[in-house]
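*Asks:*
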Amino acid sequence: TVTGTSKGRGFAGGVKRYHFKGQHMTHGFMTHRRPLSNGATGPQRVFKGTRRPGHMGDEQVTQKGLKIVGVDTERNLLLIDGSVPGGNGGLVTVNKVAPKLTKGGR
5 TVTGTSKGRG FAGGVKRYHF KGQHMTHGFM THRRPLSNGA TGPQRVFKGT
55 RRPGHMGDEQ VTQKGLKIVG VDTERNLLLI DGSVPGGNGG LVTVNKVAPK
105 LTKGGR
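With the first letter of the sequence shown counted as 1, position 84 gets the number 88 in our numbering; the numbers rise by one all the way through.
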């Protein structure tokens with residue numbers, strides 16, 4: 005597994021953060037990219053975990069199943085096949101994962 009810090013996106017709206025559809029661009033809609041509802045009126049409160057605009061990215065991400073292609077000791081490089089989380093020059097940790105135990109034991 006390779007663990008790193010994802011790229012920060014700052015304050016993001018619902019369309020970018022959760023792929024909300026948004027509203028029509030015509031027919032009198034004045035708000036195009038904002039979420040319209042906080043939830044149902046029955047509970048008379050907003051539930052925890054409701055998808056709302058807020059800070060996006062800059063969090064720990066673990067990528068599984070990546071393969072180490074090679075090691076260059078002269079230039080102090082570790083060659084990994086696949087996408088590594090984070091921006092250029094970011095700090096990542098590489099861990100070896102134990103094989104998953106099956107139902108029959110080993």
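Beta carbons: idealized from backbone N, C-alpha and C, even for Gly.
1) So what does DSSP say about residue 25, is it helix, strand or coil?
2) Whose C-beta lies closer than 8 Å to the C-beta of residue 84 among residues of the same chain, with five residues either side of it excluded?
3) For residue 63, which option in 53, 89 and 81 has the closest C-alpha, if you only look at C-alpha atoms?
4) How many angstroms separate the CA atom of residue 66 from the CA atom of residue 8?
5) Beta-carbon separation of residue 17 and residue 38 under 8 Å?
6) Could you tell me the distance, in whole angstroms, from the CA atom of residue 12 to the CA atom of residue 56?
7) Tell me the rounded alpha-carbon separation between residue 23 and residue 68.
8) In this structure, what does DSSP give as the bridge partners for residue 65?
9) What three-state label does DSSP hand residue 71 in the structure shown?
10) Beta-carbon within less than 7 Å of residue 94's beta-carbon, same chain only, minus the 5 sequence neighbours each way: which residues are those?
*Replies:* Here's the rundown:
1) coil
2) 6, 70, 71, 72, 73 and 98
3) 89
4) 7 Å
5) yes
6) 17 Å
7) Distance from the CA of residue 23 to the CA of residue 68, rounded to the nearest whole angstrom, comes to 24 Å.
8) 8
9) strand
10) The answer, listed in chain order, is 8 and 9.
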